Amino acid sequence: MKKIITKSYEEMSAVAAAVIAEQIWKKPDSVLGLATGSTPIGMYDRLSTMVKTGELSFSAARAFNLDEYYPIKRDNPQSYYAFMNEQLFSNVDFVRERTHIPNGEASDPVLECAEYEILLNKYGPIDVQVLGCGLNGHIGFNEPEDSLDTLTHVTGLTQNTISANARFFDDISEVPDKALTMGMGAIFKARHILLLISGENKAPVVKKLLEGRVSSLCPVTLLQLHSNVTLIATEDTLAD
Ligand code: F6R
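For the sequence shown, the numbering used here assigns the number 3 to the initial residue and increments by one for each residue that follows.
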């Protein structure tokens, strides 16, 4: 695992945006794997600016988002569909049909996951997969469990994740208790994984990640087994 430690969130975001931009310049029709949450917002902001100034174009690229709450309406401001529109898609020039997010409105969530997996197989493997990491080590919504799913699937959210994400909702009772998420398979097939971690509260999980052991009870640790991971972490995540 290549490690880049940055002084600040801003620097982490700038380095991450540069990795994505390099990828698109090198291969304009790249397939990107994208994440939501607070961590990648600064990176999306920089990418949006680069598109506005004409330095970068996503017009030939394709994107797959990792996950979506279930059930949730797309027009709910807390849906990941709304998040991606606000933070990136409405500011840049992706062709909408080439941006994929699991559908939190699907009447049959199991079928929705199966169809998402078919799309991932059709257009994958992902060239660069952006990942954040939960306080409990989840990636996507692959929560700590005795065993992890390889395919896109419906999952229950842990109380830890529901509490962590309640900050985005008016009330914790509004946080959906399920999600649709890419499994470990598509994540591991990605050619390059860009793992972004910021903030002192993630120090315990970064410690586990760098310990040299792997466990499905801390899914992010499995990334040590992937041959091309770049961790970009702010220096406060190394606090013990
Ligand atoms: C979101 C996702 C999650 C987040 C994680 C960290 O698409 O995949 O795994 O990356 O919950 O969230 P933040 O960045 O808000 O700390």
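We put the CB at the ideal spot given by N, CA and C, even for glycine.
Given the structure is predicted, the values throughout are model-derived calculations rather than measurements.
Asked                                                                                                         : Found
Contacting residues, own chain, Cβ-Cβ under 7 Å from N167 (five flanking each side not counted)               : V177
Q131, enclosing beta strand (DSSP E) - first and last residue                                                 : 130-133
Inter-residue Cα distance where the pair is T183 and K28                                                      : 29 Å
Outcome for K209 when other beta-carbon atoms lying within 10 angstroms are tallied against a minimum of 16   : exposed
Rounded Cβ spacing between S15 and M45 (contact assumed at less than 8 Å)                                     : 5 Å
Completely contained alpha helix (DSSP H) runs for the region 113-169, where each covers 4 or more residues   : 161-167
Cβ-Cβ distance between L90 and L225 below 9 Å                                                                 : no
Any non-hydrogen atom of the ligand FMN closer than 8 Å to I128 Cβ                                            : What this structure holds is the ligand F6R, not the ligand FMN.
Meets three-Cβ-pair contact criterion under 8 Å: the region 106-117 and the region 199-216                    : no
Distance cut-off 8 Å: A166 Cβ against heavy atoms of the ligand F6R                                           : yes
Rounded straight-line distance, which links the Cα of M3 to that of S229                                      : 7 Å
K4 - DSSP class collapsed to helix/strand/coil                                                                : strand
Own chain partners of I174 with C-beta closer than 8 Å, once the 5 adjacent residues on each side are dropped : I164, S165, A168
Integer-rounded CB distance, given that P221 should sit under 8 Å from P146                                   : 6 Å
Beta-carbon proximity check, F143 vs F96, cutoff 9 Å                                                          : no
Contained alpha helix (DSSP H) runs [length at least 4] in the region 72-113, N- to C-terminal order          : 82-86
Closer than 8 Å: N78 CB and nearest the ligand F6R heavy atom                                                 : no
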